[in-house]
Amino acid sequence: MSAVVETSRLTKRYRDLVAVNDLNLKVEEGEIFGFLGPNGAGKTTTILMLLGLSEPASGQAKVCGFDPTHQPLEVKKRVGYLPENPGFYDDLSGRENLFYIARLNRIPADEARRRITRLLEQIGLGDDGERAVREYSRGMKQRLGIAEVLIKEPQALILDEPTLGLDPDGASRILDLITGLSRERGLTVLLSSHMLHQVQQMCHRVGIIVKGKMIAQGQVDQLGSAVFKERQWNFLVEVEGRVDGLESDLRALHGVAGLEARNRGWFLRCTRDVRPEVLALVSRRGLALLQLRSEDTTLEDIYLKYFREA
Ligand SMILES: Nc1ncnc2c1ncn2[C@@H]1O[C@H](COP(=O)(O)OP(=O)(O)OP(=O)(O)O)[C@@H](O)[C@H]1O
Ligand SMILES: [Mg+2]
Numbered sequence: 007m008s009a010v011v012e013t014s015r016l017t018k019r020y021r022d023l024v025a026v027n028d029l030n031l032k033v034e035e036g037e038i039f040g041f042l043g044p045n046g047a048g049k050t051t052t053i054l055m056l057l058g059l060s061e062p063a064s065g066q067a068k069v070c071g072f073d074p075t076h077q078p079l080e081v082k083k084r085v086g087y088l089p090e091n092p093g094f095y096d097d098l099s100g101r102e103n104l105f106y107i108a109r110l111n112r113i114p115a116d117e118a119r120r121r122i123t124r125l126l127e128q129i130g131l132g133d134d135g136e137r138a139v140r141e142y143s144r145g146m147k148q149r150l151g152i153a154e155v156l157i158k159e160p161q162a163l164i165l166d167e168p169t170l171g172l173d174p175d176g177a178s179r180i181l182d183l184i185t186g187l188s189r190e191r192g193l194t195v196l197l198s199s200h201m202l203h204q205v206q207q208m209c210h211r212v213g214i215i216v217k218g219k220m221i222a223q224g225q226v227d228q229l230g231s232a233v234f235k236e237r238q239w240n241f242l243v244e245v246e247g248r249v250d251g252l253e254s255d256l257r258a259l260h261g262v263a264g265l266e267a268r269n270r271g272w273f274l275r276c277t278r279d280v281r282p283e284v285l286a287l288v289s290r291r292g293l294a295l296l297q298l299r300s301e302d303t304t305l306e307d308i309y310l311k312y313f314r315e316a
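Going by the numbering used here, the sequence shown opens with residue 7, and the numbers climb by one from there.
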């Protein structure tokens with residue numbers, strides 16, 4: 007495997023703000039990498055440096071083997087970039103917008119037409135290609151943006167918040183589309199998002215950035231154990247019937263570090279397996295147990311831990 011995107015101590019300052027701080031990032035060929043972090047964390051700033059659109063204060067980046075600061079055109083040839091707010095010619099149709107981008111990329115007209123027809127189909131705009139973009143919904147525009155990025159058949163995609171402003175269904179369609187493309191064509195994808203839940207399933211690896219610092223990087227299922235010094239156990243407890251006093255009993259159990267009320271029960275964060283004690287408590291009160299389920303550490307747990315500590 008070779009890295010398609012790699013940065014070494016990449017740093018960007020805006021006056022006295024360090025927007026990106028000593029960032030080491032690595033995205034391997036063919037993988038989908040989720041670049042995750044809250045608003046203002048430094049995701050867009052990093053992406054702009056990867057494309058040579060912003061100059062680092064120090065550190066280096068390599069994208070497809072080129073230094074974006076010194077060889078931005080080489081990077082641009084190989085990487086499809088979807089900005090946070092892609093712009094279109096609103097009076098032109100989706101097809102015409104794509105044709106315009108194809109011309110900019112010097113794709114011969116016949117070849118461009120073939121690609122555009124195929125792409126419109128692929129992104130689910132097959133029936134809307136002739137409509138003016140002005141009439142497109144947000145989700146349709148986002149899909150058109152992805153088509154624009156794909157038309158030059160890039161080696162890698164850099165997508166800045168590709169699900170921004172989309173409803174859950176629209177977002178999951180976009181993410182499915184990206185996953186499919188990556189699988190079919192072996193495309194390398196770096197996508198930024200502040201929506202952890204949405205993207206964590208589709209990413210091979212993620213990096214979490216908070217206040218310009220990469221705080222964790224790796225496979226989602228392995229990040230938890232790397233980040234939490236002691237193993238964290240999460241349980242969902244649901245009971246039927248009267249529950250007076252049960253909550254305080256659960257909270258008082260040795261090993262229960264946190265408790266949140268849920269629909270018919272509680273979500274427990276624990277430092278050990280407390281299931282036997284929970285079972286005993288519930289049955290002592292003569293309540294019916296509806297669920298006692300363990301839940302994996304989510305990316306959100308990791309993110310919140312750092313977010314709170316940062
Ligand atoms: N041109 C600029 N001049 C000054 N400060 C900037 C500039 N661009 C970004 N910043 C600051 O740098 C920090 C990182 O911003 P950035 O846009 O990279 O965050 P982000 O992770 O993309 O956030 P979001 O999820 O909101 O898109 C923020 O504090 C922001 O205010
Ligand atoms: Mg951003």
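Ideal Cβ placement from N, Cα and C applies to all residues, glycine included.
Please confirm whether any heavy atom of ligand 1 lies closer than 7 Å to the CB of Tyr106. no
Skipping 5 residues on each side, what residues in its chain have a beta carbon closer than 7 Å to that of Leu56? Contacts found: Val11, Ala67, Val69, Pro74, Ile164.
What whole-angstrom Cβ distance do Leu126 and Ala153 have, given they're in contact under 8 Å? 7 Å
Closest by CA to Leu181, which one among Tyr142, Val205, Pro160? Nearest of Tyr142, Val205, Pro160 to Leu181, Cα basis: Val205.
Close-in-space but distant-in-sequence residues of the same chain around Phe72 (CB under 6 Å, 5 per side omitted): Glu80, Val81
Taking Cβ positions, are Gly213 and Val26 nearer each other than 8 Å? no
Where do the N-terminal and C-terminal ends of the alpha helix (DSSP H) with Met55 fall, by residue? 49-56
Please report the straight-line C-alpha distance between Glu167 and Met208, rounded to a whole angstrom. Taking the straight line joining both Cα atoms gives about 14 Å.
Got a list of residues with beta-carbon closer than 5 Å to any non-hydrogen atom of ligand 1, in chain order? Tyr20, Ala25, Asn45, Gly46, Ala47, Gly48, Lys49, Thr50, Thr51, His200
Excluding the five sequence neighbours on either side, which residues of its own chain have a C-beta within less than 8 Å of the C-beta of Glu306, listed in chain order? Leu202, His203
In whole angstroms, give me the CA-to-CA distance for Asp250 and Leu256. 11 Å
With distances taken Cα to Cα, identify the nearest neighbour of Asp96 among Glu159, Glu90, Leu150, Ala162. Of Glu159, Glu90, Leu150, Ala162, the residue nearest in Cα terms is Leu150.
On the DSSP letters alone, give me the boundaries of the alpha helix (DSSP H) that Ser188 sits inside. Secondary structure note for Ser188: its alpha helix (DSSP H) is the uninterrupted segment 174-191.
Please identify the residue among Ile157, Ile184, Ser60 whose C-alpha is closest to the C-alpha of Lys18. Ser60
What residue range does the alpha helix (DSSP H) around Ser254 cover? 252-258
Would you list the residues sitting across from Thr1 in a DSSP beta bridge? No statement about residue 1 is possible, as the shown extent of the chain runs from 7 to 316 and does not include it.
CB of Asp116 to nearest heavy atom of ligand 2: below 7 Å? no
On a CA-only basis, which of Gly130, Asn103, Leu98, Cys276 is nearest Gly186? Give me that one, please. Gly130
Met220 lies in the alpha helix (DSSP H); which residues open and close that run? Taken as a continuous stretch (DSSP letters only), Met220 belongs to no alpha helix (DSSP H), being part of the beta strand (DSSP E) at 219-224.
Is Leu293 closer than 8 Å to Val245 when the C-beta atoms are compared? Result yes, Cβ atoms of Val245 and Leu293 sit closer than 8 Å.
Please confirm whether any heavy atom of ligand 2 lies closer than 7 Å to the CB of Leu166. As written in the sequence, residue 166 is Asp, which differs from the Leu given in the question. Yes, the Cβ of Asp166 comes within 7 Å of a heavy atom of ligand 2.
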